[in-house]
Amino acid sequence: MKVYNSLTRRDEDFAPMDGREVRMYTCGPTVYNYAHIGNFRAYTFEDILRRTIEFNGWKVKQVMNLTDVDDKTIRGANTLNIPLNAYTDTYKKAFFDDLKKLNIEPAEVYPAATDHIPEMIALVEKLVEKGVAYKSEDGSVYFNVRKFPGYGKLAHIDFDNQRTGARCAADEYDKENVGDFALWKAWEKSDGPVGWDSPWGRGRPGWHIECSAMSMKYLGETFDLHTGGIDNLFPHHENEIAQAEAATGKEFVKTWMHCAHLRVNGEKMSKSLGNFFTLRDLIEKGWSGREIRYVLINAHYRAGLNFAFSALEDARKALSRIDACVEKATEGEAPEWAKKHLEVFTLAVNDDLNIPRAFAALFELVREANAKGAAGTLDVFRKMDKVLGVIFFGKAEKAELPDDIKALLAERAEARKAKNWAESDRLRDEIAAKGWSVKDSKEGQTCTKK
RNA sequence: GGUGGGAUGGCCGAGCGGUUAGGUAGCGGACUGCAAAUCCGCUUACAGCGGUUCAACUCCGCUUCCCACCUCCA
Numbered sequence: 090m091k092v093y094n095s096l097t098r099r100d101e102d103f104a105p106m107d108g109r110e111v112r113m114y115t116c117g118p119t120v121y122n123y124a125h126i127g128n129f130r131a132y133t134f135e136d137i138l139r140r141t142i143e144f145n146g147w148k149v150k151q152v153m154n155l156t157d158v159d160d161k162t163i164r165g166a167n168t169l170n171i172p173l174n175a176y177t178d179t180y181k182k183a184f185f186d187d188l189k190k191l192n193i194e195p196a197e198v199y200p201a202a203t204d205h206i207p208e209m210i211a212l213v214e215k216l217v218e219k220g221v222a223y224k225s226e227d228g229s230v231y232f233n234v235r236k237f238p239g240y241g242k243l244a245h246i247d248f249d250n251q252r253t254g255a256r257c258a259a260d261e262y263d264k265e266n267v268g269d270f271a272l273w274k275a276w277e278k279s280d281g282p283v284g285w286d287s288p289w290g291r292g293r294p295g296w297h298i299e300c301s302a303m304s305m306k307y308l309g310e311t312f313d314l315h316t317g318g319i320d321n322l323f324p325h326h327e328n329e330i331a332q333a334e335a336a337t338g339k340e341f342v343k344t345w346m347h348c349a350h351l352r353v354n355g356e357k358m359s360k361s362l363g364n365f366f367t368l369r370d371l372i373e374k375g376w377s378g379r380e381i382r383y384v385l386i387n388a389h390y391r392a393g394l395n396f397a398f399s400a401l402e403d404a405r406k407a408l409s410r411i412d413a414c415v416e417k418a419t420e421g422e423a424p425e426w427a428k429k430h431l432e433v434f435t436l437a438v439n440d441d442l443n444i445p446r447a448f449a450a451l452f453e454l455v456r457e458a459n460a461k462g463a464a465g466t467l468d469v470f471r472k473m474d475k476v477l478g479v480i481f482f483g484k485a486e487k488a489e490l491p492d493d494i495k496a497l498l499a500e501r502a503e504a505r506k507a508k509n510w511a512e513s514d515r516l517r518d519e520i521a522a523k524g525w526s527v528k529d530s531k532e533g534q535t536c537t538k539k
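This is the structure in structure tokens:
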């Protein structure tokens with residue numbers, strides 16, 4: 090298996106450090122709102138990644154954090170005048186519901202930031218002891234980026250040639266360097282009831298510290314994989330490395346992977362453009378999680394993905410073609426040609442998760458199975474679906490034929506037996522008007538809900 | 001201004017220095033009483049301009065356009 094490592098900026102052979110279990114950390118949601126389909130692009134990418142690892146016979150221990158304390162969650166809770174956890178619980182639940190709708194395999198651990206405040210405080214203390222962090226006048230603690238020589242190695246940023254200050258928050262005037270970031274933020278009025286006691290006074294953790302603290306707690310000081318959206322590469326992941334490595338003196342993560350953003354109709358998703366969709370929005374519009382998953386995974390994760398409703402329509406048709414073929418597939422020894430397609434499929438997924446090429450192999454299998462017969466191909470479909478998770482998942486339930494339709498079909502069968510084509514066609518129209526479509530084959534009529 | 005990634009046939013979307021990506025749509029054919037489904041074939045796509053090469057969509061340079069990051073957006 091080969092993957093592109095953002096840290097080294099090249100494709101590398103990938104295998105678990107311990108030879109059997111991959112320990113991976115994936116940056117999860119900030120639970121202040123329903124997640125949008127751009128967020129889910131990242132989560133489906135991570136799902137494909139863990140499935141591919143499993144496809145290769147390794148075990149996975151995945152940790153996905155839930156950021157349940159930050160500016161937005163605090164603002165949301167305080168606006169509604171409810172406790173922080175009451176506010177975030179709604180969105181945590183929604184997030185897990187959404188993951189199920191997309192057939193995303195659950196991670197082994199979903200640590201919430203608010204359950205790990207002591208671990209974070211301990212890590213910050215360690216950084217203060219080591220002299221790489223300092224307390225400011227207001228009781229916040231900052232990481233001094235100049236004290237960590239490797240700072241910038243992930244983002245490959247040259248900090249002497251930046252537009253520093255362009256987006257620098259006004260309330261951070263007492264930092265030693267512009268690049269210094271908060272490990273612990275002193276309590277402010279706007280925080281209201283939210284806050285924890287610490288050696289530096291009441292406050293709350295900075296954003297980055299949770300990931301360093303929780304990943305090391307569950308995965309160890311050095312682990313295999315860390316992933317997220319490309320926007321997390323800097324500053325979030327850069328800062329995680331700084332915090333962890335400055336504290337332990339060890340390499341934090343072997344391989345970093347980042348997925349590109351999703352655009353909608355060629356534009357960045359934004360509420361003002363009216364092209365901002367949560368998963369719920371799309372499901373309300375009548376699209377299934379399965380169709381959405383198909384669209385999200387059918388582009389290489391490092392390339393921008395342009396999400397459009399026409400792509401969902403294409404997905405629906407392509408999936409029904411797969412369904413029709415799988416319907417005919419049977420158990421047994423796979424024919425040679427089917428094994429070939431599985432080989433191509435395997436090469437594709439192991440080549441930095443090239444899912445579009447993997448799909449191409451799947452469709453070659455479908456085409457050939459339709460032409461030569463699908464006997465013995467079922468297991469090949471199953472194997473491919475270990476990675477894709479879209480073949481056997483979430484198919485529309487086969488609707489029971491209502492009695493009136495059954496009666497019409499029986500009538501039609503009679504008419505056809507008598508070669509009364511006019512009557513046969515009339516009945517087909519009548520059935521169609523009731524929302525069902527009839528197809529004829531050598532085996533007889535098949536009727537499905539439109 | 002810095003850094004990184006892009007521009008592929010109607011649409012979506014892979015890929016490689018010379019050999020069909022794939023899906024979806026369209027056209028023609030086979031099959032069918034007719035449809036549908038399925039299969040076969042087709043429409044000779046690689047932003048523009050130069051260069052390297054026997055050969056470039058693929059490498060190099062320039063131009064145009066797009067996107068992302070440059071301190072809390074997956």
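Using my numbering, the final residue of the first sequence is 539, and nothing's skipped along the way. Note that CB positions come from ideal geometry on N, CA and C, so glycine has one too.
In the DSSP assignment, what residue or residues form a beta bridge with residue i?
{"i": "tryptophan 273", "result": "Val230, Pro294"}
{"i": "tryptophan 345", "result": "His315"}
{"i": "tryptophan 285", "result": "Gly292"}
{"i": "glycine 533", "result": "Ser530"}
{"i": "asparagine 94", "result": "Arg99"}
{"i": "aspartate 440", "result": "Lys91"}
{"i": "lysine 538", "result": "Trp525"}
{"i": "lysine 224", "result": "Val230"}
{"i": "glycine 162", "result": "The sequence shown places threonine at residue 162, not glycine. Answer is none; threonine 162 lacks a bridge partner."}
Between the Cα of residue i and those of the options, spot the shortest distance and give me the residue it belongs to.
{"i": "proline 309", "options": "Leu436, Ser287, Glu334, Gly318", "result": "The amino acid at residue 309 is misidentified as proline; the sequence shows glycine. Among Leu436, Ser287, Glu334, Gly318, the Cα nearest to that of glycine 309 is on Glu334."}
{"i": "proline 172", "options": "Phe185, Val158, Asn154", "result": "Val158"}
{"i": "alanine 449", "options": "Asp320, Leu431, Ala463", "result": "Leu431"}
{"i": "threonine 439", "options": "Phe398, Asn266, Glu143", "result": "Residue identity check: residue 439 is asparagine in the sequence provided, not threonine. That would be Glu143, whose Cα lies nearest to the Cα of asparagine 439."}
{"i": "alanine 522", "options": "Val92, Leu497, Glu425", "result": "Leu497"}
{"i": "leucine 401", "options": "Glu110, Tyr307, Ile126", "result": "Ile126"}
{"i": "arginine 505", "options": "Asp492, Ser530, Leu314", "result": "Ser530"}
{"i": "aspartate 136", "options": "Leu368, Ala124, Met113, Asn122", "result": "Met113"}
{"i": "phenylalanine 184", "options": "Leu368, Gln534, Ala463", "result": "Leu368"}
{"i": "glycine 465", "options": "Met358, Gly421, Ala485, Tyr240", "result": "Gly421"}
{"i": "methionine 90", "options": "Leu436, Ile520, Val455", "result": "Leu436"}
{"i": "serine 225", "options": "Phe270, Lys219, Ala211, Ile210", "result": "Phe270"}
{"i": "tryptophan 289", "options": "Lys357, Gly317, His315, Glu214", "result": "Glu214"}
{"i": "methionine 96", "options": "Gly284, Asp186, Thr316", "result": "According to the sequence provided, residue 96 is leucine. The question's methionine does not apply to it. Cα-wise, what sits closest to leucine 96 is Thr316."}
{"i": "asparagine 354", "options": "Trp345, Asn364, Val469, Phe129", "result": "Asn364"}
{"i": "tyrosine 121", "options": "Asp313, Trp147, Thr162, Gln151", "result": "Thr162"}
CB-CB under 6 Å to residue i, same chain, minus the five flanking residues each way: which ones, in chain order?
{"i": "methionine 153", "result": "Thr115, Gly117, Ala196, Tyr199"}
{"i": "valine 476", "result": "Arg140, Thr141, Phe144, Val438"}
{"i": "arginine 291", "result": "Trp276, Gly284"}
{"i": "glutamate 340", "result": "Thr311"}
Rounded to whole angstroms, how far is the Cβ of residue i from the Cβ of residue j, which I believe are closer than 8 Å?
{"i": "tyrosine 180", "j": "leucine 169", "result": "Between leucine 169 and tyrosine 180 the Cβ distance is about 12 Å, and since that is not below 8 Å, they are no contact."}
{"i": "cysteine 300", "j": "glutamate 329", "result": "5 Å"}
{"i": "arginine 352", "j": "asparagine 395", "result": "5 Å"}
{"i": "alanine 413", "j": "alanine 458", "result": "So it is not a contact: roughly 10 Å between Cβ atoms."}
{"i": "tyrosine 132", "j": "leucine 188", "result": "7 Å"}
{"i": "histidine 205", "j": "alanine 302", "result": "6 Å"}
{"i": "aspartate 102", "j": "aspartate 441", "result": "Wrong, their Cβ atoms sit about 11 Å apart, outside the cutoff."}
Enumerate in chain order the residues of its own chain whose CB-to-CB distance from residue i is below 8 Å, with the five nearest sequence positions on each side excluded.
{"i": "arginine 517", "result": "Arg501, Val527"}
{"i": "glycine 254", "result": "Annotation note: pLDDT 41 at glycine 254 (below 50); position unreliable, no value reported."}
Cutting at 7 Å between CB atoms, please list the residues of its own chain near residue i, excluding the five before and the five after it.
{"i": "glutamate 380", "result": "Leu401, Ala404, Arg405, Leu408"}
{"i": "aspartate 107", "result": "none"}
{"i": "leucine 216", "result": "Ala222, Phe232, Leu272, Gln332, Ala335, Ala336"}
Pick out the complete alpha helix (DSSP H) segments inside the region 366 to 420, 4 residues or longer, and give them in chain order. Within the region 366 to 420, the alpha helix (DSSP H) runs of at least 4 residues that lie entirely inside it are, in chain order, 368 to 373, 378 to 386, 398 to 417.
Going along the chain, which unbroken runs of the alpha helix (DSSP H) with 4 or more residues stay wholly within the region 445 to 498?
467 to 477
Segments assigned beta strand (DSSP E), at least 3 residues, entirely inside the region 102 to 135: 110 to 115
*Residue ranges of each alpha helix (DSSP H) within the region 172 to 204, 4 or longer*: 173 to 190
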